[in-house]
Amino acid sequence: MSTATKKEHKSNRPARGGVATFIEAIRQGIWEEMERDPTVFVIGEDVGAYGGAFKVTDGLLDEFGEGRVIDTPISEAAIVGAACGAALMGMRPVAEFQFIDFISPGFDMLTNYAAKCRYRWGAGLPTVFRGPCGAGVHSGPFHSVNAEAFFLNTAGLKIVEPSTAYDAKGLIKAAIRDPDPVLYFEHKKLYRLPRLREELPEDDYIVEIGKARTARAGRDLSIITFGAQVLNALDAAAELEREGLDVEVIDLRTLAPMDKEAILASVKKTNKVLILHEAARTGGIGGEIAATIAEEAFEWLDAPVVRVASIDTPVPYSPPLEEYHLPQIKDVLEAARKLAAY
Amino acid sequence: MKTETKRKGASKQGAAKGRKDAGANGANGVTSSPSTAADGELICTTETTLGAEQLLELYRYLLLTRLVEERLVNLYRQTKVVGGVFRSLGQEATAVGTCYALESRDFIAPLIRDLGAVLVKGIRPREIFAQYMAKAWGPSEGRDLNIHFGNMEKGFIGPISHLGDMIPVMTGIALGARMQQKEIVALAYIGDGGMSTGAFHEGLNFAAVQRLPVIIIAEHNWYAYSTPTRLQTAVENLADKAAGYGIPGHIVDGNDIIACYEVTKRAADYARSGGGAVLIEAKTYRRKGHAEHDDQRYISAEELEMWEKRDPVDRFTRHLLTQEIATQAQLDAIVADVQREIDEDVAWAEESPMPDAEKVAYGVFDNSIVPPAFRPKIFGDK
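Here it is as structure tokens:
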């Protein structure tokens, strides 16, 4: 006797605005851009009938057809290369990596082809390369990476990573409209987090690439962070507020090109800086931020710049190991208290 | 059609390994058997749709390719070329003949040794000279070397040094064109070495799956830098690899410029009419080292001498004369015209200034959005 049942699946067009989760916000953004601009298309593994591993592209195939929603072989170099070629022809590809860990097989095409095309011969490539990043969901060493530092040292790639549903939608739309390659990283832990559900505007809007936002204003200490760690920073700030510390949280949103002005303005306001990121500490983006502050705001500092990040190991699978690997709120609290007392 | 592609006494590798007849090895098409003139010397295939005027145009491009490269070597020895010079001596017919089969709306991605294809696509020698000399008037304005640039209007997508990477890009060109209902063909060159890369496989596999009009010209010139083909691949013929992608593979004598044209013309018709990707192996030979600095210590004098006798320019010249398509005077006039163009274009390139140093900071991104990447002042802008 067969016990199998098959659900009839049909995804509806997402609402325009309204209350949305982080993932729904990304889906809305891609959908609206595909409606707005016939050159926008989606390419990646299992993005069609299956709607993507996390369902970011759910329903696009039914709506836009297989000419614009292209399932590929397991070939990240082909995905990136084909996106670049199509962009040269005037298309605007939105390429998905099933997990951002799998950006590594596309690394050569991204850093050598996509990043250098405009510089070498003036051929800007309006391309978006997106996918789920980040740890904390017990996915082990190959489904958890934060890849921004791999690309930070390559001129020609923009990198964005939102932490709110509003920014997720505004940044994906900005990335699709951008004339240059944009890496769009989505922390998978945020996708369906109830806390991030928010009312989005019905109107078309974008969030400008290259601009940080003040997630929480404060006077005593700045936490400079992005992505899922913004939530840890805000939680730590709430706790510290009870201790009488007024903490500012800067959400970078764009990692390259970085909003130096916003960072320096916050440093000049609070004079104490804690940099928080989820990627491993050594060679992480925190070093770049710290160096910028040391060079350009040294006289404004009342304490050493402190970094809180993952430890220098691959991301482990087992929950107690992963918890130790990742920066925790208690690590942020401890560092912030020491900074405040300095 | 007869399937023999390697003539008796072919290259040492080929002869020593006692290779089987190409057609018996699974590649499903060979363009032509070598034709010979009355004196037994090799000429090109006589089975062609090309008229005399086109054949003479082909001759001009072939000569232009060889003579531009010879001039580049002169400029290199005068230290006017900043980087290396990568010759296609002995294999020029492949690039010129295959590219000549395309239409102006089609796209190519050449390799470093496919200058001939770039010239057929309408890029002028002056651009090549300025580019090699790192001049401001070069198409990349000094940012990149040799034929590492592009021209979308002319259907030329310049390569990068990473072999294989252009196969996925050309797959994307064909994919984008299909979305725009443009019936173009995307032709990418690759070599016996470049076919060993992952990007080659990924790109061609994707093109094959999508039935995209992508033509791969596999230039089998026997060496990737110093590494012989037997250390690159275990297949008998590079065209045999087509079977792994479910696409047709053809073998052509890469030193027969007319055969190169004919096989590519048929492949382009097939690809354009919805047949999908095609792989063509052109068997030829690289008579110079990887670049001018390479002393070719890994090659025997006999091997070189043997391939000199198969020179594609000599062969096509003989063809045109013995088949009475052109007179020696006509050919001489073409050579003189090519020399004139080269002289003019070298003069133009020499006249170009070197780029302004600060231009280096521009163009990483669209500078109307992201400012140029100037070196920051120490201690900020105070």
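Order-wise, the sequence lines are chains A and B. Everything in the first sequence is counted per my numbering, starting at 1 for the first residue and increasing by one. Everything in the second sequence is counted per my numbering, starting at 1001 for the first residue and increasing by one. The beta-carbon is built from N, C-alpha and C at its ideal position, and this holds for glycine as well. The structure displayed is predicted, hence computed values, not measured ones.
1. Using a C-beta to C-beta distance shorter than 8 Å, which residues of chain B count as neighbours of A:Asp108?
2. I'd like to check one pair, B:Val1068 with B:Pro1159: are the Cβ atoms closer than 8 Å?
3. Cα separation between B:Gly1084 and A:Pro319?
4. What residue range does the beta strand (DSSP E) around A:Glu344 cover?
5. Have a look at B:Ala1188 and B:Glu1344 and give me their C-alpha separation to the nearest angstrom.
6. Whole angstroms are fine: how far does the CA of A:Val207 sit from the CA of A:Ala174?
7. I need the straight-line Cα distance from B:Ser1035 to B:Thr1094, nearest angstrom please.
8. Throw me the rounded Cβ distance for the B:Ala1199 and A:Ala77 pair, which I believe falls under 8 Å.
9. Cβ of B:Gly1176 less than 8 Å from any chain A Cβ?
10. Taking a contact to mean a Cβ-Cβ separation below 8 Å, would you say A:Met285 touches A:Leu326 in this structure?
11. Return no unless some Cβ of chain A is closer than 8 Å to the Cβ of B:Val1209.
12. In chain A, which residues lie with their C-beta within 7 Å of the C-beta of B:Asp1366?
13. Have a look at the DSSP bridge pairing and note the partners of B:Asn1391.
14. Could you please give the first and the last residue of the uninterrupted beta strand (DSSP E) stretch that includes A:Ile43?
15. Taking any Cβ of chain B, which residues in the region 35-52 of chain A have a Cβ under 7 Å from it, in chain order?
16. Would the beta-carbon of B:Cys1099 fall within 8 Å of that of B:Ile1108?
17. A:Leu301 CB to nearest chain B CB: under 8 Å?
18. Residues in the region 1134-1147 of chain B with C-beta within 8 Å of chain A's C-beta atoms, listed in sequence order?
19. What residues are listed by DSSP as bridge partners for A:Pro132?
20. At a cut of 8 Å, does the region 1195-1213 of chain B reach the region 1169-1179 of chain B through at least three beta carbon pairs?
21. Would B:Cys1260 pass as a contact of B:Ala1282 if the rule is Cβ separation under 8 Å?
22. For a contact defined as C-beta to C-beta under 7 Å, what are the partners of A:Thr72 on chain B?
23. So what does DSSP say about A:Ser266, is it helix, strand or coil?
24. If we define contact as Cβ-Cβ less than 8 Å, is B:Phe1149 a contact residue for chain A?
25. Do B:Ala1242 and B:Pro1213 have their beta-carbon atoms positioned less than 8 Å apart in this structure?
26. Buried or exposed: which applies to B:Val1082, given that a residue is buried once 16 or more other Cβ atoms fall within 10 Å of its Cβ?
27. So, is the C-beta of B:Glu1183 closer than 8 Å to a C-beta in chain A?
28. Using beta-carbon positions only, say whether A:Gly44 and A:Val80 come within less than 8 Å of one another.
29. Can you grab the Cα-Cα spacing for the pair A:Thr225 / A:Glu243, in whole Å?
30. Does any residue of chain A bring its CB to less than 8 Å from the CB of B:Ala1277?
31. Under DSSP, the beta strand (DSSP E) around B:Ile1190 begins and ends at which residues?
32. What are the start and end residues of the alpha helix (DSSP H) that includes A:Lys55?
33. Whole angstroms is fine: what's the gap from A:Ala280's alpha carbon to A:Thr270's?
34. Please confirm whether B:Glu1141 and B:Lys1309 have their CB atoms less than 8 Å apart.
35. Throw me the rounded Cβ distance for the B:Leu1062 and B:Val1313 pair, which I believe falls under 8 Å.
36. Taking only the alpha-carbon atoms, compute the straight-line gap between A:Ala123 and A:Leu221 and give it to the nearest angstrom.
By the coordinates alone:
1. His1162, Asp1165, Ala1199
2. no
3. So the two alpha carbons sit approximately 55 Å from each other.
4. Lying before the first or after the last residue shown, residue 344 of chain A is absent from chain A, which here runs from 1 to 342.
5. 30 Å
6. 6 Å
7. 17 Å
8. Cβ-Cβ separation between B:Ala1199 and A:Ala77: approximately 5 Å, consistent with a contact (criterion under 8 Å).
9. yes
10. According to the sequence shown, residue 285 of chain A is Ile rather than Met. Contact: no.
11. yes
12. Gly124, Pro179, Asp180
13. The requested residue 1391 of chain B does not occur in the structure, where chain B is confined to residues 1001 to 1382.
14. Going by DSSP, A:Ile43 is part of the beta strand (DSSP E) stretching over 40-44.
15. Phe41
16. Yes, the Cβ-Cβ distance between B:Cys1099 and B:Ile1108 is below 8 Å.
17. no
18. Correct list: Pro1139, Ser1140, Arg1143, Asp1144.
19. Paired residue(s): A:Glu186.
20. yes
21. The beta carbons of B:Cys1260 and B:Ala1282 sit closer together than 8 Å.
22. Under the 7 Å cutoff, chain B gives Phe1206.
23. Note: A:Ser266 maps to helix in three-state DSSP.
24. By this cut-off, B:Phe1149 is an interface position.
25. no
26. exposed
27. For B:Glu1183, the answer is no, since every Cβ of chain A falls outside 8 Å of its Cβ.
28. no
29. 21 Å
30. no
31. 1186-1191
32. First-last for A:Lys55: undefined, no H or E at that position.
33. 26 Å
34. no
35. Their Cβ separation, rounded to whole angstroms, is 6 Å, which keeps B:Leu1062 and B:Val1313 in contact under 8 Å.
36. 43 Å
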